[in-house]
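Counting in the working numbering, the sequence shown runs from 1116 upward without gaps.
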Amino acid sequence: MNAKHGNPIQRPTTFLGRLRTDVRGNTLVIVAFAMMPLLAMVGSGLDMARAYVARDRLQQACDAGSLAARRMLSGATLTSAVETEAKNYFNFNFPSGSFDTAAFAPVVTVPAVGTVRITAATAVPTTIMKMFGFDTLPISTSCTATQDFVGTDIVLVLDMSGSMNCPTSKPDDACNEKEEKGSKMQALRDASESLYDTLESAQDQLHDNNLRLRYGFVPYNATVNVGKLVYAKDPSFIRNSAPYQSRVRTPGPGTSTEDTCDALDGNWTSYGGGGRDPNGACTNYWTYKRVTLDTSAFKTGANVPTPGGAKSTNRSTWAGCIEERQTNNTTIDGGTLTTAPSDAWDLDINMKPTADASRWAPWWPEAEFSPTYLRQYTDAKYCASAASRLREYYDDKKSFMKYVNDLKPLGGTYHDIGMIWGARLISSEGLFASATPVSNDQNDPDNPRVLRGFAVRKFMIFMTDGDLSPYMDVYTTYGAEELDKRVLGSSTGNAATLKAEQLSRHLQRFRMACNAARAQGVQLYVIAFSTTLTDDMRNCASQPSMASGITTSADLIAKFKEIGTKVGSLRISQ
């Protein structure tokens, strides 16, 4: 009965009526109907997650296959070997049937020179999603590996002072002219071979793609032997006449004649310059002074009479070392200036000669005499081993090693002259610049900036086994400093003071030369072998990590191998 109105509640009397108003069990029905979309949502998540994992693994396999194939690819032709390599790596990383995928085969193509492309498509079977009519989920991948090709030039600037003849266990002055067993020179030979071996595969790949990896060499001591390379480039770059600290004949007293003095003074280092021969006939026979000599025949390699010689039969032939061109001995004072002044043409890496002051003179030790010691300053054996311009040693390790094996350590240590000429040999803007800076000729002997559309990377490995050690009384690439004062200028003081100032000025030149080399885009490695890695050496390198102090032969070999690995690493983009 209705409590408010007093009327009884009317209930349905039929089955359908009662069913319509009965709410018992509604929750179960609602849940039953809700399970269907819930099951679809959970099932799709599980199946999709599985498909995503499979897709990720498929991509990894694709990447591995393309990289492996790219390392084997030469040119634009897909060979069976390249295709097999790609599929082997792909299948190793995604074996057939992984994740119950349908059978498929990756497709390998070469769409462009130096590029490998792989595509693959398959399907992952579903589990729960099958209840809703989705039997499989498609997955696919596509990947490309492209070699970022660059030509590669490497110049090795190598200290060939006499101390390289010593093993690391001996003092540097113990074997200056005779190589001993276990020498640092032998370690350098072994290290150079390691460098070649490490870079051989990169060299082969570049060559096969009409590019190149080249090596150049600049051995240095107190001289640098580059004259014949410069002469071959342009004979006018070497002077036809130049001043030398030499000597000229003067009449002897009494009845002495040139023939008499020649006979008595057969050994030109024994008498002269106010000295006496055993009979006293040729007193004051020689006047020691700065003399301008004709070098036009000497620079061609001809065997010419030696100026200042005691006998007309004395002759000399140019070994190839040079006297450096005009420098600056005022602004370059050993201070903090790190950029070469404009008139220091010896430090101008790219300036081509236009007049005698900007040309190089042949180094002529037979014609250079000291009025103090009444003798020649030195003899021709101290001319450094000949430098070698950049060239490809493709499939020619024998020639590469012959050059290194033939190097002869002798003489002193002038780091600045080595760095100057290392930069000159590798620069694309100076003496050896290509006539076409963007060249398509793989055989171009010069230094284009771009070869066949690809940039040319430049590397220099500078290795020394000692500190810079300039001389006052030795004939070097800067002349005889005690007389020419090309580095010291008007500086005065006692011998020790001048020696110290000369060292500071050469070190400043070295810093300037390092800066000039890096300005050419050169990646510069510096190795101090069995010597202290000084701040000047460390700062010369392109980065601190590219400067190394090495103490043992094994470490030197390992360092050259490490450098080779970095230089030759494949740069692959996807």
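We put the beta carbon where it would ideally sit given N, CA and C, even for glycine.
Under 6 Å Cβ to Cβ from residue i, same chain only, skipping five residues before and after it: list those, please.
i: glycine 1679; result: Leu1310, Thr1313, Leu1314
i: serine 1584; result: Gly1527, Thr1528
i: proline 1334; result: Leu1273, Met1275, Ala1499, Ser1500, Leu1522
i: valine 1693; result: In the structure displayed, the chain extends from 1116 to 1689; residue 1693 sits before or after that span and is not available.
i: arginine 1624; result: Asp1531
i: asparagine 1555; result: Arg1567
i: glutamine 1572; result: Glutamine is not the amino acid found at residue 1572; the sequence shown has arginine there. Same-chain partners within the cutoff: Val1265, Thr1267.
i: valine 1223; result: Glu1198, Ala1201, Ile1233
i: lysine 1285; result: none
By Cβ distance, which residues of its chain are closer than 7 Å to residue i, with the 5 residues on each side in sequence left out?
i: tyrosine 1590; result: Pro1480, Glu1483, Tyr1492, Thr1493
i: isoleucine 1353; result: Gly1342, Val1345, Tyr1346, Lys1414, Arg1474, Trp1475, Pro1477
i: aspartate 1287; result: Ser1278, Cys1281, Gly1581
i: valine 1682; result: Thr1267, Ile1269, Leu1314, Phe1574
i: alanine 1673; result: none
i: methionine 1516; result: Glu1308
i: lysine 1614; result: Met1587
i: arginine 1304; result: Val1519, Asn1520
i: alanine 1470; result: none
Measure the Cβ-Cβ separation of residue i and residue j and say whether it is below 7 Å.
i: asparagine 1562; j: phenylalanine 1547; result: yes
i: alanine 1306; j: phenylalanine 1675; result: yes
i: leucine 1598; j: glutamine 1301; result: no
i: threonine 1241; j: aspartate 1319; result: no
i: alanine 1331; j: leucine 1462; result: Reading the sequence as shown, one finds glycine at residue 1331 and not alanine. Against a cut-off of 7 Å, the Cβ pair of leucine 1462 and glycine 1331 comes out as no contact.
i: phenylalanine 1205; j: glycine 1180; result: yes
i: valine 1254; j: arginine 1170; result: What sits at residue 1254 in the sequence shown is isoleucine, not valine. For isoleucine 1254 and arginine 1170, yes; Cβs fall inside 7 Å.
i: phenylalanine 1644; j: leucine 1618; result: no
i: asparagine 1291; j: alanine 1502; result: no
According to DSSP, is residue i part of a helix, a strand, or is it coil?
i: alanine 1434; result: coil
i: tyrosine 1497; result: helix
i: serine 1255; result: strand
i: glycine 1636; result: coil
i: aspartate 1288; result: helix
i: proline 1240; result: strand
i: threonine 1551; result: coil
i: glutamine 1175; result: helix
i: tyrosine 1204; result: helix
i: isoleucine 1670; result: According to the sequence displayed, residue 1670 carries aspartate and not isoleucine. Correct three-state label for aspartate 1670: helix.
i: proline 1334; result: strand
i: aspartate 1651; result: helix
i: proline 1350; result: helix
i: threonine 1415; result: helix
i: arginine 1185; result: helix
i: asparagine 1558; result: coil
i: proline 1282; result: coil
i: proline 1563; result: coil
i: serine 1457; result: coil
i: alanine 1643; result: strand
i: proline 1420; result: strand
i: asparagine 1630; result: helix
Quick test of your reading: residue i and residue j, contact by CB under 8 Å. State the CB separation rounded to the nearest angstrom.
i: arginine 1329; j: glutamate 1438; result: Not confirmed; about 28 Å, so no contact.
i: threonine 1230; j: threonine 1261; result: 5 Å
i: threonine 1259; j: threonine 1237; result: Wrong, their Cβ atoms sit about 20 Å apart, outside the cutoff.
i: lysine 1651; j: leucine 1622; result: For clarity, residue 1651 is aspartate in the given sequence; the question names lysine instead. Indeed they touch by this definition, with Cβ atoms about 6 Å apart.
i: threonine 1410; j: serine 1351; result: Incorrect: roughly 13 Å between the Cβ atoms, too far for contact.
i: phenylalanine 1214; j: valine 1239; result: 5 Å
i: arginine 1172; j: phenylalanine 1209; result: 6 Å
i: alanine 1058; j: glutamate 1200; result: This structure cannot speak to residue 1058, because the chain is shown only from 1116 to 1689.
i: threonine 1646; j: threonine 1592; result: Contact doesn't hold; Cβ gap of about 21 Å is too wide.
Within a Cβ cutoff of 8 Å, which residues of the same chain sit near residue i, ignoring the five residues on either side of it in sequence?
i: alanine 1538; result: Ile1464, Met1575, Ala1628, Ala1631, Ala1632, Gln1635, Val1637
i: serine 1542; result: Ile1464, Asn1465, Ala1548, Asn1562, Gln1635
i: tyrosine 1640; result: Phe1574, Met1575, Ile1576, Phe1577, Ala1656, Ser1657, Met1661, Ala1662, Ser1663, Ile1678
i: arginine 1620; result: Asn1444, Ile1447, Asp1448, Gly1449, Val1602, Leu1603
i: threonine 1251; result: Ala1217, Ala1238, Val1239, Pro1240, Thr1241
Flag residue i as yes when its Cβ comes closer than 6 Å to any non-hydrogen atom of the ligand MN, and as no otherwise.
i: aspartate 1288; result: This structure lacks the ligand MN; in fact it carries no ligand of any kind.
Does chain D have any CB closer than 7 Å to the CB of residue i?
i: glutamate 1597; result: Among the chains in the structure shown there is no chain D, since it carries only a single protein chain.
Length-filtered (3 minimum) beta strand (DSSP E) runs lying within the segment 1459-1528
1503-1507
Within the segment 1570-1599, note down every full alpha helix (DSSP H) run reaching 4 residues or more, in order along the chain.
1596-1599
Would you mind listing the alpha helix (DSSP H) stretches within the segment 1289-1334 that are 4+ residues and don't spill past its ends, in chain order?
1299-1323
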